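For what it's worth, our numbering labels the leading residue of the sequence shown as 14, then goes sequentially. Where a beta carbon is used, it is the ideal one built from N, C-alpha and C, also for glycine. Source: prediction; values computed, not measured.
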Amino acid sequence: MPKSALAFDLLAADGHARAGLIHTPHGQIPTPVFMPVGTQATVKAMSPRDLRDVGATIILGNTYHLYLRPGDERIARLGGLHAFMGWDGPILTDSGGYQVFSLAQRRKIDADGVTFRSHIDGSEHRFTPEKVVAIQENLGADLIVCLDECAPANDYDYNVQALARTHAWAQRCKAAKTRTDQALFGVVQGGVFPDLREQSARFLTDMGFDGYAIGGLSVGETKEQMHASLEVVTPILPADQPRYLMGVGTPGDLIECVARGVDMFDCVLPTRTARNGSALTRTGRINLRNARFADDADPIEPGCTCYACTHFSRAYVRHLTKANEILGHHLLTVHNLHLLLTIAREMREAVLEGHFQAYREAFWQTCGQPAVNLA
Ligand SMILES: [Zn+2]
């Protein structure tokens, strides 16, 4: 085990795409990696055993949700998040900032932090950088994240102010951290504005973190804007540390963002679409509620090796979904997570073998969608 809480071996690069290995106190994470989201200390409809079966190596927990319910101090008393939820692999907790800015009611931001009301019962709470680090130290994840402010991506003046707060809060989070077995990620913000993104990447890199998250993307901006932001940010970030793009999770987005130097992803898309009766596939999204699947004996995605696709037909999964049976949610979640985890693994192999560009071109040919910015 390395001395620091996190070590990252950059094993190979192919263009800007990278293959690496993150070492944490709870095991290794091969990158590129997709992290299933376990909002409430559970990846919805999946046991930890199921997560291992689909190939998950790290999962994400949400600080905002776990702080409100069941409470970070209770989780600490029960042995920390790993023990509490029965997952002994690596965990990342986010800062809660995104949820406070998108979910909480009547939030009020000031230079020192943010006061908000719980979306559950309306009770008043306050997050400061120090408080958010303390909560994440109670939860005990391997990778923790600085409190940041996620501003509307297209509002320049707002982003200037939010960036100043995000940077000041990053310094306070770093100073507040006491545990040596947790790695701290700074969060690059700056909306769709290249000058602000560059400023943020340089500021946080100069401060020095264990890894770098890129926030405030995939929030309604165009793909071109998202790609342009990454093209500004990733060349500035240290090559020997991991980069985590928050909230991105379609197969095509994973490939295009790895092509621009990203190593880690999380997104609720695979679990949320499953609960809506939809499957992600390499050729796009399909809704199993659609009548055309009622007599379809094919698997969800022909050729897929997941448990759902090797055992059940579209007709059966459609029936479960229409009848609102729990197994339908489970099988679609198994398939959706398996797909993203498989694509991440395939990209890693392609980088290690030096044919990432061919892999990327083959993906866009297969999916039948126009390739995005293949330059
Ligand atoms: Zn499948």
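- Query: In chain order, what residues of the same chain have a beta carbon less than 8 Å from the beta carbon of Ala-328, not counting five sequence neighbours either side?
  - Reply: Contacts found: Phe-306, Ala-307, Asp-308, Asp-309 and Ala-310.
- Message: Looking at ligand 1, does it come within less than 8 Å of Leu-352, judged from the CB to the closest heavy atom?
- Response: Yes, Cβ of Leu-352 sits closer than 8 Å to a heavy atom of ligand 1.
- Determine the burial state of Gly-381: buried for a count of at least 16 other Cβ atoms within 10 Å of its Cβ, exposed for fewer. By the 10 Å Cβ count, Gly-381 comes out exposed.
- alpha helix (DSSP H) runs wholly inside the stretch 220 to 275, at least 4 long, in chain order: Qualifying alpha helix (DSSP H) stretches, in chain order: 236 to 246 and 264 to 271.
- Message: Can you check which of these residues, Ala-117, Tyr-372 and Ser-231, is closest to Ala-272 by C-alpha distance?
- Response: Comparing Cα-Cα distances from Ala-272 to each of Ala-117, Tyr-372 and Ser-231, the minimum goes to Tyr-372.
- Message: To the nearest angstrom, how far is the alpha carbon of Gly-126 from that of Trp-377?
- Response: In a straight line, the C-alpha of Gly-126 is about 43 Å away from that of Trp-377.
- In this structure, does DSSP put Pro-61 in helix, strand or coil? Looking at Pro-61 - three-state DSSP - the assignment turns out to be helix.
- Supposed contact pair Glu-314 and His-343 - C-beta distance, whole angstroms, cut 8 Å: Between Glu-314 and His-343 the Cβ distance is about 16 Å, and since that is not below 8 Å, they are no contact.
- Kindly give me the distance between the Cβ atoms of Phe-47 and Leu-365, rounded to whole angstroms, as I take these residues to be in contact under 8 Å. Contact flag wrong, Cβ pair sits at about 17 Å.
- Query: From this set, Ala-154, Gly-224, Arg-285 and Gly-265, which residue's C-alpha is nearest Ala-252's C-alpha?
  - Reply: For Ala-252, the closest of Ala-154, Gly-224, Arg-285 and Gly-265 by C-alpha to C-alpha distance is Gly-224.
- Message: With a threshold of 7 Å on Cβ separation, who are the neighbours of Pro-15 within its own chain once the five nearest residues in sequence on each side are excluded?
- Response: Confidence is the limiting factor: at Pro-15 the pLDDT is only 40, short of 50, which leaves the residue's position unreliable and the question unanswerable from this model.
- Task: Identify which residue in Glu-234, Glu-237 and Phe-198 has its Cα closest to the Cα of Arg-256.
- Result: Answer by Cα proximity: Phe-198.
- Within 10 angstroms of its Cβ, does Gly-99 collect 16 or more other Cβ (buried), or is it exposed? With fewer than 16 neighbouring CB atoms inside 10 Å of its own CB, Gly-99 falls in the exposed class.
- Message: Could you tell me the alpha carbon to alpha carbon distance between Gln-41 and Thr-76, rounded to whole angstroms?
- Response: Taking the straight line from one Cα to the other gives about 22 Å.
- Query: Which value, in whole angstroms, describes the spacing of the CA atoms of Leu-293 and Leu-23?
  - Reply: Going by the C-alpha atoms only, they are around 30 Å apart.
- Message: Quick check: the Cα distance between Asp-63 and Asp-279, rounded to an integer number of angstroms?
- Response: So the two alpha carbons sit approximately 18 Å from each other.
- Could you check what DSSP says for Thr-128 in three-state terms: helix, strand or coil? In the structure shown, Thr-128 sits in a strand (DSSP, three-state: E or B).
- Message: Out of Phe-325, Asp-194 and Leu-345, which one is the CA nearest neighbour of Ile-104?
- Response: When each option's Cα is compared against that of Ile-104, the closest is Asp-194.
- Item | For Asp-85, the first and last residue of its enclosing alpha helix (DSSP H) | Run containing Asp-85: 85 to 90, per the alpha helix (DSSP H) assignment.
- Query: With C-beta atoms as the reference, is Gly-260 less than 9 Å away from Tyr-111?
  - Reply: One thing to note: Gly-260 has its Cβ within 9 Å of the Cβ of Tyr-111.
- Message: Contact between the stretch 25 to 32 and the stretch 127 to 143 is defined here as three or more beta-carbon pairs at a separation below 8 Å; is this criterion met?
- Response: Result no; under three Cβ-Cβ pairs closer than 8 Å.
- Task: Return yes when the Cβ of Gly-262 is within less than 9 Å of the Cβ of Leu-243, no when it is not.
- Result: One thing to note: Leu-243 has its Cβ no nearer than 9 Å to the Cβ of Gly-262.
- Message: Please tell me whether Leu-152 and Leu-116 are closer than 9 Å, where the distance is taken between their beta carbons.
- Response: Not closer than 9 Å, so no.
- Closer than 8 Å: is that where the CB of Glu-314 sits relative to any heavy atom of ligand 1? Flag set: Cβ of Glu-314 near ligand 1.
- Task: Count the other CB atoms, across all protein chains shown, that sit within 10 Å of the CB of Ala-388; report buried if there are 16 or more and exposed otherwise.
- Result: In this prediction, Ala-388 has a pLDDT of 43, which is less than 50 and means its spatial position is unreliable; what the coordinates show is noted afterwards. Sixteen is the threshold: since fewer than 16 other Cβ atoms of the shown chains lie within 10 Å of the Cβ of Ala-388, the residue is exposed.
- Message: By the three-class DSSP mapping on this structure, what secondary structure does Gly-110 have?
- Response: Reduced to three states, the DSSP call for Gly-110 is helix.
- Query: In chain order, what residues of the same chain have a beta carbon less than 6 Å from the beta carbon of Tyr-320, not counting five sequence neighbours either side?
  - Reply: If we look at Tyr-320 and ignore the five residues flanking it on each side, its Cβ neighbours are Val-347.
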